[in-house]
Structure formats: structure tokens, C-alpha cells
Amino acid sequence: MTEAAVGTLLRDWRARRRVSQLDLSSSVGVSARHLSFIETGRSQPSAEMVLALAEGLDVPLRERNTLLLAAGYAPRYPSRALDDDALAPARAAVQRLLDAHDPYPGLVIDRCWNIVGSNAAADALTAGMPDCLLGPPANVYRLSLHPDGLAARTLNFEEWAGYLLHQLRRTIALTGDPALQVLYEEVRGYPGVAAAATAWNAPPRNASLLVPFQLAIAGGRRLAMFTTLTTFGTPLDVTLAELAVELFYPADAQSAALLRGDAIESVGQPSAG
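Count along the sequence shown starting at 1, add 124, and that's the number in our numbering.
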């Protein structure tokens with residue numbers, strides 16, 4: 125790639141972060157003039173300068189490697205397979221988190237929200253789903269929004285779908301990941317999803333503190349949950365940086381009792397009534 129390519133990429137990231145040349149140059153410790161020369165291809169940055177600018181722009185590790193390659197340098201951040209021996213301590217930590225969270229559902233997801241790990245309670249949520257949605261890999265957005273997935277059993281589908289699509293748009297804006305853009309275009313085309321996204325732009329005045337995931341389960345009962353996302357704090361591997369654990373918690377006492385009582389074992393079947 126040409127020298128200008130890395131400058132173009134850096135300028136795109138600066139625009140994405142809405143940071144001025146002056147602010148970025150000050151945070152990195154270079155002159156705004158030098159930064160301008162880098163962005164226009166008049167100056168070739170060192171690998172250390174590329175990494176410093178990437179750090180100043182909070183560029184994800186995967187894209188930092190892309191910047192280095194564009195500048196003619198080798199990638200600095202490995203991207204190991206999840207089953208690599210070097211990641212064994214991280215895998216063990218994640219598994220402990222999932223096991224401890226039972227009987228509440230827990231998932232491990234990659235950068236595209238593909239499910240790469242789960243506990244028994246999470247497996248129960250997707251029991252009975254069509255094989256085409258179970259992958260591998262199964263994808264949280266497809267399972268949640270596809271009409272043959274959990275969408276048909278989501279009692280507050282418009283609210284939940286609007287939240288999910290808003291979250292996906294926000295992630296795309298932060299990462300610039302083209303794979304996520306492809307996923308966004310796909311799920312937005314599912315029935316009712318685009319309308320839900322529009323409705324999300326004008327939330328009710330008396331909205332709750334958290335958006336619950338309300339699911340119809342066996343026996344005509346309602347299961348309400350909210351979620352949290354946990355990530356590694358100081359990753360220097362692309363795979364770890366893109367890994368997250370999504371944990372589901374009961375949103376009310378009734379849902380907590382249902383989860384503790386294994387009431388979701390038949391969630392894949394249409395609810396009674």
C-alpha cells in the first residue's frame with residue numbers, strides 16, 4: 125500500500141472519533157503540522173507513531189494491525205484461535221464466570237456477536253430453534269430478531285429489537301467493522317425490525333431504567349431479564365480484545381424464581397395460550 129493509505133485511514137479514524145488535528149497532535153505529543161503531513165502522505169510515520177496515534181484515537185487492536193500494514197510494518201497484535209494454549213487462562217476465567225452464573229443464562233460472544241460459549245441456562249433459551257439459526261456459529265442478533273427465532277416469543281419485540289439495532293449501530297460507529305455493517309443490513313431486513321428501530325428513536329417518557337428482554341415460555345408464563353457485558357480489561361491479543369461475556373439477570377422476582385426452577389427448559393416451543 126502507498127504511504128498515503130495509512131494517512132487516509134488515520135484521517136478517517138480521527139473523523140469517526142470527531143477529534144481535531146490539534147487535539148490529537150497535542151495528546152500524542154507531535155505538532156499539528158506533522159500530523160497533517162502524515163495524513164496527506166507527505167510524511168511517513170514510524171511504527172511507534174502509528175501506534176501512538178491509534179492509541180490516541182482508541183482504535184481497536186484489529187484495526188491497529190491494519191494501520192501498521194498500511195504503513196508498511198508488520199502487525200504487532202496476535203490474533204490467536206480461541207482454543208490456543210496461550211489463551212487457556214482466559215478461557216478458564218470465562219468458564220468460571222459462566223458456571224457461577226447458572227441458573228441464569230450466560231453467553232460468550234465474539235466481535236460479530238457469534239456465540240462461542242454458553243452455559244446450560246443459555247442453551248435452554250435457544251432449544252428448539254431451527255438448525256439454520258443455530259449455526260455454527262449461532263449469532264445473537266439472528267437468534268433474537270429472525271421471525272423463526274426468539275422474535276416470535278419476545279413479548280416486547282418492538283422495544284427489544286429497537287434496542288438491539290441501536291446497540292449494533294453504535295458498535296459499528298465505534299469500530300468501523302464492515303462485518304458488523306453486513307450483519308446490520310441483514311437483520312434490519314427481518315420483519316418488523318426496521319419499524320422497531322424507528323420507534324426506538326422516540327422512547328416513551330416514562331421508560332424503565334433498563335430495557336428488559338421479555339420472553340413467553342412454557343405454560344403461558346413470562347420471563348423478563350436484563351443483560352450485562354463483561355470484557356477483558358487489558359488485552360493485547362485481538363481475539364481477547366473482541367471477546368465479551370453477556371450475562372442475563374432476572375428483571376423481577378417471578379423471573380428469578382422461574383430461572384431457579386428450570387422453567388425455561390421448553391422455551392423453544394410456542395407458549396401455551
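Using N, Cα and C, we set each Cβ at its ideal position, and we do this for glycine too. On a predicted model such as this, the values are computed, not experimentally measured, just so you know.
As a beta-bridge residue in DSSP terms, glycine 241 pairs with Val232. CA-to-CA, the gap between leucine 134 and arginine 277 works out to about 44 Å. Under DSSP, the beta-bridge partners assigned to glutamine 338 are Ala348. Excluding residues up to 5 positions away in sequence, Glu282 and Gly286 lie with their Cβ nearer than 7 Å to the Cβ of alanine 323 in the same chain.
Inside the stretch 133-217, DSSP marks whole alpha helix (DSSP H) runs of 4 or more residues at positions 145-152, 156-164, 171-180 and 185-194, from first to last along the chain. Around the beta carbon of threonine 363, 16 or more other beta carbons lie within 10 angstroms, which makes this residue buried.
Residue pairing from DSSP places valine 369 in a beta bridge opposite Val232 and Thr354. Tryptophan 237 sits close to valine 264, with the two beta carbons spaced by under 9 Å. Going by DSSP, leucine 360 is part of no alpha helix (DSSP H) at all; its letter is neither H nor E. Boundaries of the alpha helix (DSSP H) around histidine 290: 281-299. Cβ-Cβ distances below 6 Å link alanine 348 to Pro336, Gln338, Ala375, Asp376 and Ser379 in the same chain, with the five nearest sequence neighbours on each side left out; the list follows chain order. Beta-carbon to beta-carbon, aspartate 272 and proline 254 are separated by about 5 Å, close enough to satisfy the 8 Å threshold.
If you look at proline 302, you'll find it in the alpha helix (DSSP H) that goes 302-312.
Looking at the DSSP output, threonine 278 shares a beta bridge with Leu339. With the rule of 3 Cβ pairs closer than 8 Å, the stretch 146-158 counts as touching the stretch 169-182. Per DSSP, threonine 250 is not a residue of any alpha helix (DSSP H), being assigned neither H nor E. Per DSSP, proline 261 has no beta bridge partner at all.
Taking C-beta atoms as the reference points, valine 240 and leucine 353 fail to come closer than 9 Å. When the alpha-carbon of isoleucine 162 is set against those of Arg312, Thr132 and Ala212, the nearest one is in Thr132. Listed in chain order, the non-local C-beta contacts of isoleucine 296 below 8 Å within the same chain comprise Leu304, Gln305 and Tyr308, local neighbours out to five positions each way being set aside. Boundaries of the alpha helix (DSSP H) harbouring alanine 380: 377-384, taken from the DSSP string. Within the DSSP bridge table, the entry for proline 374 names Met349 as partners.
Spatial neighbours of leucine 222 in its own chain (CB-CB distance under 6 Å, excluding positions within 5 residues in sequence) are listed in chain order as Gly230 and Asn243. Rounded to the nearest angstrom, the gap between the Cα atoms of leucine 334 and isoleucine 341 is 21 Å.
Per the C-alpha coordinates, the member of Ala246, Leu298 and Gly300 positioned closest to leucine 274 is Ala246.
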